[in-house]
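Chemist: These protein sequence lines are chains S and H, in that order.
The opening position of the first sequence corresponds to residue 873 in this note's numbering, with each subsequent residue numbered one higher.
The opening position of the second sequence corresponds to residue 873 in this note's numbering, with each subsequent residue numbered one higher.
Protein chains: 2
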Amino acid sequence: MAKKEKQFVEDITPMEVDFPQWYTDVILKTDMVDYSPVKGFMVIKPYGYAIWENIQKYMDQKFKDTGHQNLYFPLLIPESLLKKEAEHVEGFAPEVAWVTHGGDEELAERLCVRPTSETIICSMYSKWLNSYRELPYLYNQWCSVVRWEKSTRPFLRTSEFLWQEGHTLHETYEDAQAETLQMLDIYKQTAEELLAIPVVTGQKSEKEKFAGAHATYTMEALMHDGKALQAGTSHNLGQHFTKAFEITFLGRNGEIENPYHTSWGVSTRLIGGIIMVHGDNRGLVLPPRVAQTQVVIVPIAQHKEGVLDKAYELKKVLGGEIRIKIDDNENYSPGWKFNEWEMKGVPIRIEVGPRDIEKNQVMIFRRDTLEKWAVSMDGLKETVKKLLDDIHDNMLEKARKYRDEKTYYVTSLEELKKNQEERPGFAKAMWCGERNCEEHVKAETGASIRCIPFEQEDLGDKCHFCGKEAKHMIYVARAY
Amino acid sequence: MAKKEKQFVEDITPMEVDFPQWYTDVILKTDMVDYSPVKGFMVIKPYGYAIWENIQKYMDQKFKDTGHQNLYFPLLIPESLLKKEAEHVEGFAPEVAWVTHGGDEELAERLCVRPTSETIICSMYSKWLNSYRELPYLYNQWCSVVRWEKSTRPFLRTSEFLWQEGHTLHETYEDAQAETLQMLDIYKQTAEELLAIPVVTGQKSEKEKFAGAHATYTMEALMHDGKALQAGTSHNLGQHFTKAFEITFLGRNGEIENPYHTSWGVSTRLIGGIIMVHGDNRGLVLPPRVAQTQVVIVPIAQHKEGVLDKAYELKKVLGGEIRIKIDDNENYSPGWKFNEWEMKGVPIRIEVGPRDIEKNQVMIFRRDTLEKWAVSMDGLKETVKKLLDDIHDNMLEKARKYRDEKTYYVTSLEELKKNQEERPGFAKAMWCGERNCEEHVKAETGASIRCIPFEQEDLGDKCHFCGKEAKHMIYVARAY
Ligand SMILES: [Zn+2]
Ligand SMILES: [Zn+2]
């Protein structure tokens, strides 16, 4: 069998040349995802899906630790339910898929494939809730949702995606607000501690908030091309839905009240974020805590006596907590394997050959810095565990530094426009808080208000775009 | 606050009086499930969903231990794909939900909500597979599917249910057959080792097999009312789909070949099986390994000094591996709590009051045998862990004994009919293997061939129903 020496790296378009093409090359060539026969729908392949499983595992534990339980609501929602809350139906009706027939029969009422589940969940909550003693309701569901998108890109915007949606009820506005912010904080922890993605957290403007929400909070990350990604949102829904759906309870003062309501979600979009924050021109760079394979062992001169045995011995020693794999494929050379696993973003490569064995050492390569050095086989497990943490910390720090370098101040619409063209990134500015000003900025620059950050800075008294009195400091950027 | 002393048990219809009503009472009163606004679709509430999560965790590990990986395929399947394999479309087309509109636009081609994913998966496999070196493909997906059912019952038959569907490709027929049987064996382990449900395994008749399968294997359990439940199936699909979808690979002899194909699935129907195999007139009896709460601590005279402290201390001691809960609600008496947790089927109740504390003991109640006795607080964790295993073993044994008592031989159609009326259960008989004979038996008795068991018994030379030469020993029963 001839050795294949194809250079995978040459197949990936450099990101400086064409960032969207770089993204497409990376996700397809690393086998994370594929296009399906239905336009706008993706197949998530095992190498991508494993990341989602690791995200689920981490978040699900955080949800349970904060008292939430999982449940499951139907996929299909009657049109009449979707229409019960006015803002909500306006926001979602244009992008839902409609089921009109069951088998050969036409349905009396159309059903939509859930674009999100507030309406059907509220219809059930209204049946279930009786007394303030039963509150809070702290429920979450893992599922897929469908939103008919005209222009799609795998992970980032697809007509179907996987997500979790939490839906809670509370006795008071304050309780709902505390829940909304608690969940946003769990999202931030997930981004930073699991995915090594630094995020800015804050509130969405009225224009950008969720259809039907009292207030929407968001975490925003900056991608390598200087565009923002909304990576997770948490909504304080007030009593909009609980009134529309007549959810009531007997309050502690003996009066019938409407509870306060939150919802919050993150999706497979996070995987797109991982790719675009950490990736480079060799391909993926996976954060160690979500990588399917954390360590790959590549035997050198594997036909020589003792090499494969030693490789398997190392796998056994390192295994257990560490997700590890040996690439002992005979049909490919070590060089080819190096390229492949670098492209696939495996955080650590261990090379072991006859000379290493002689010296009781292995060669270690780390994907994030591309450094390679010799390490003693003694205490290798501790070395690797510590290195995985170091890689995480370094990736988070590097991404934070990159983001900060791409974050700047603007003091006029012209400056924003120029900057977004020439050096896209987060722009900070003061804003009057008015919708027509916001819409003008978007129309002129393509950039939208990402959030009113919790960490406000005082950059002046006047709106940098219209000159009126300033209300908030904001982050503005073009976004996915 | 007045103490409520409502006897929940009185609200459950005795199973001898009306088994379907007993089932409905149990699932609703224990908060496992609820009916949704869409006819035939259920809401799985946290107490039911937790069981599904425990099933998923156990099975997913077994799948991974046998080399399978998870991935995700789209929810919607184009009509043209569904129609590519003739038997399959005939089997599923009458029961699919059709999406005809995306937003305001009518779609050029109708899409069905997946009733199962063979077709869309095969369309992707045909794109992906190149060489025998890439085989086997060992993939699984966890998702929901929709089949438009006219008559539904929560967990047992609903228009939407949650399941896993494995879809594998192999180089040879033998490899596919080995996979098919391996997965059936994992299902049997799940039934017996996790759910304490004894099952009969074997092959489905031509009439009862999956639409498009070469051979379907099944595990069949017997419910408390003497009806059978098909609890999981594994299909050797041969090359039916791989030919229809033109999936090919370059074989080791340099020829283009079609791979062999399997699929296998279990669903939330298993939860219905748990209820109907183990439940009694007090309500649920949950197998310890899937119960959301394995142990509930009920403090006695909890207002007395030291009682609640001791209860929390015990929870801390027992926690970790054991899923444990304290019911310290002040508004209900211990007697009310006993009833409630018995109805909810929690395997072990621990009572601790002032007198117990004095004696360094607790009272232990086990749900499966309704026994109650005193146990020393010393070594309580080991006592409880062992007891959870004992309860599992006892439940499995009890269910096996019950099933065996309800399994009998028949030697004629008349006898089968009479037995199914008077003492429903599994009937064993010899069968000629012919479809018209099978259809006659079903029409006359309402009972269907559940399987041709792997463990064949020689009960005679002639078909017990038509007198022709016998080919197989079979299990016959009315079924869910
Ligand atoms: Zn302004
Ligand atoms: Zn016959």
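Where a beta carbon is used, it is the ideal one built from N, C-alpha and C, also for glycine.
Owing to the predicted nature of the structure, the values given are computational and were not obtained by experimental measurement.
From this set, H:Y1011, H:L1268, H:G1098, H:K1300, which residue's C-alpha is nearest H:M887's C-alpha?
Modeler: Ranking H:Y1011, H:L1268, H:G1098, H:K1300 by Cα distance to H:M887 puts H:G1098 first.
Chemist: Which residue from S:K1300, S:R1322, S:F1210 puts its Cα closest to that of S:I1172?
Modeler: It is S:F1210 whose Cα lies nearest to the Cα of S:I1172.
Chemist: Among all the DSSP beta bridges, which residues are the ones paired with S:P950?
Modeler: In the DSSP output, where bridge partners are listed per residue, S:P950 has S:L983.
Chemist: Hey, does S:H973 have any beta-carbon neighbour from chain H nearer than 8 Å?
Modeler: Yes, S:H973 lies at the interface with chain H (some Cβ there is under 8 Å from its Cβ).
Chemist: Looking only at its chain, what residues have a beta carbon closer than 8 Å to the beta carbon of S:I1229, apart from the 5 residues adjacent to it on each side?
Modeler: These residues qualify, in order along the chain: G1178, V1179, K1182.
Chemist: Assuming H:Y1347 and H:C1323 make a contact with CB atoms under 8 Å, what is their CB distance in whole Å?
Modeler: That pair is a contact at about 6 Å.
Chemist: Restricting to runs no shorter than 4 residues, where is the alpha helix (DSSP H) found entirely within the stretch 910 to 952 of chain H?
Modeler: 918 to 937, all fully within the stretch 910 to 952 of chain H.
Chemist: When you compare only the Cα positions, how much space is there between S:K876 and S:W1208?
Modeler: At S:K876, the pLDDT of 40 sits below 50, so the modelled position is not reliable and the matter cannot be decided from this model.
Chemist: Applying the 10 Å Cβ sphere with the 16-neighbour rule, what's the burial state of H:L1242?
Modeler: Exposed, because fewer than 16 other Cβ atoms sit within 10 Å of the Cβ of H:L1242.
Chemist: Could you give the residue range of the beta strand (DSSP E) that holds H:T972?
Modeler: Element bounds for H:T972: 969 to 974.
Chemist: Can you tell me whether H:T1073 is helix, strand or coil according to DSSP?
Modeler: Correct three-state label for H:T1073: strand.
Chemist: If you draw a straight line from the C-alpha of H:P1008 to the C-alpha of H:T1040, how long is it?
Modeler: In a straight line, the C-alpha of H:P1008 is about 7 Å away from that of H:T1040.
Chemist: So H:V1149 contacts chain S; which residues on that side make the cut at Cβ distance below 9 Å?
Modeler: The contacting residues do not exist; H:V1149 stays about 22 Å from chain S at best.
Chemist: Which value, in whole angstroms, describes the spacing of the CA atoms of H:P918 and S:V1170?
Modeler: So the two alpha carbons sit approximately 45 Å from each other.
Chemist: Nearest by alpha-carbon distance to S:G1123: which of S:Y1132, S:P1206, S:R1195 is it?
Modeler: Among S:Y1132, S:P1206, S:R1195, the Cα nearest to that of S:G1123 is on S:Y1132.
Chemist: Run the proximity test for H:F1337: is its beta-carbon closer than 7 Å to any non-hydrogen atom belonging to ligand 2?
Modeler: Checking the Cβ of H:F1337 against ligand 2 gives yes.
Chemist: Which whole runs of the alpha helix (DSSP H) in the stretch 1195 to 1254 of chain S are 4 residues long or more, in chain order?
Modeler: Complete alpha helix (DSSP H) runs here, min 4: 1206 to 1215, 1226 to 1230.
Chemist: Considering only C-alpha positions, which residue in the set S:E1293, S:I927, S:S908, S:Y1004 is nearest to S:R1350?
Modeler: If we check each option's Cα against that of S:R1350, S:E1293 comes out closest.
Chemist: Thinking S:Y905 and S:P1026 are a contact (beta carbons under 8 Å), I'd like their distance in whole angstroms, please.
Modeler: Inspection of the sequence shows that residue 905 of chain S is occupied by Val rather than by Tyr. Indeed, because the Cβ distance is near 4 Å, the residues count as touching under 8 Å.
Chemist: Near H:K878, what residues of its chain come up, given a Cβ to Cβ distance below 8 Å and the 5 sequence neighbours on each side ignored?
Modeler: Annotation note: pLDDT 44 at H:K878 (below 50); position unreliable, coordinate value reported separately. So the qualifying residues of the chain are W1208.
Chemist: Are the CB atoms of H:H1344 and H:G1305 within a distance shorter than 8 Å?
Modeler: Going by C-beta atoms, H:G1305 is nearer than 8 Å to H:H1344.
Chemist: Could you tell me which uninterrupted alpha helix (DSSP H) segments, each at least 4 residues in length, are contained entirely in the stretch 982 to 1043 of chain S, listed from first to last along the chain?
Modeler: Segments of the alpha helix (DSSP H) lying fully in the stretch 982 to 1043 of chain S: 990 to 1000.
Chemist: I'd like to know if S:M996 contacts chain H, where contact means its C-beta is closer than 8 Å to some C-beta of that chain.
Modeler: True, the Cβ-Cβ gap to chain H drops below 8 Å.
Chemist: What first and last residue would you give for the beta strand (DSSP E) that runs through S:Q1102?
Modeler: Element bounds for S:Q1102: 1100 to 1110.
Chemist: Determine which residues of the stretch 886 to 916 of chain H have a Cβ less than 7 Å from any Cβ of chain S, and write them out in chain order.
Modeler: Taking 7 Å as the Cβ-Cβ cut-off against chain S, the residues of the stretch 886 to 916 of chain H that qualify are D906, S908, P909, V910, F913, V915, I916.
Chemist: I want to check one thing, is the minimum distance from the CB of S:C1323 to the heavy atoms of ligand 1 below 7 Å?
Modeler: Result no, Cβ not under 7 Å from ligand 1.
Chemist: DSSP three-state label for H:M1095, please.
Modeler: Reduced to three states, the DSSP call for H:M1095 is coil.
Chemist: Compute the minimum distance between the beta carbon of H:W970 and the heavy atoms of ligand 2, and state whether it is under 7 Å.
Modeler: Not so, every heavy atom of ligand 2 lies at least 7 Å from the Cβ.
Chemist: Given a cut-off of 8 Å, decide if H:I916 and H:V1162 are closer than it, judged by their beta-carbon atoms.
Modeler: Contact: no.
Chemist: Say whether chain H places a C-beta atom closer than 8 Å to the C-beta of S:Q1355.
Modeler: The displayed coordinates of chain S run from 873 to 1352. Any statement about residue 1355 of chain S would go beyond what the structure contains.
Chemist: Hey, would you say the C-beta of S:E1306 is under 7 Å away from at least one heavy atom of ligand 1?
Modeler: Because some heavy atom of ligand 1 lies under 7 Å away, the Cβ of S:E1306 counts as near it: yes.
Chemist: Measure the Cβ-Cβ separation of S:H1264 and S:A1103 and say whether it is below 8 Å.
Modeler: In this structure, S:A1103 does not lie closer than 8 Å to S:H1264 by Cβ.
Chemist: What residues in its chain sit with their C-beta under 7 Å from that of S:Q941, if we drop five residues either side in the sequence?
Modeler: Within the same chain, S:Q941 has close Cβ partners L1010, Y1011.
Chemist: Which residue's Cα is closest to the Cα of S:R1307: S:G1297, S:K1300, S:I1321, S:F1298?
Modeler: The shortest C-alpha separation from S:R1307 is found at S:I1321.
Chemist: Could you tell me the distance, in whole angstroms, from the CA atom of H:V1017 to the CA atom of H:W1035?
Modeler: H:V1017 and H:W1035: Cα-Cα distance of roughly 7 Å.
Chemist: With a threshold of 8 Å between beta-carbons, can S:G950 be considered close to chain H, or not?
Modeler: It is worth fixing the name first, because residue 950 of chain S is Pro in this sequence and not Gly. Cβ-Cβ to chain H under 8 Å: yes for S:P950.
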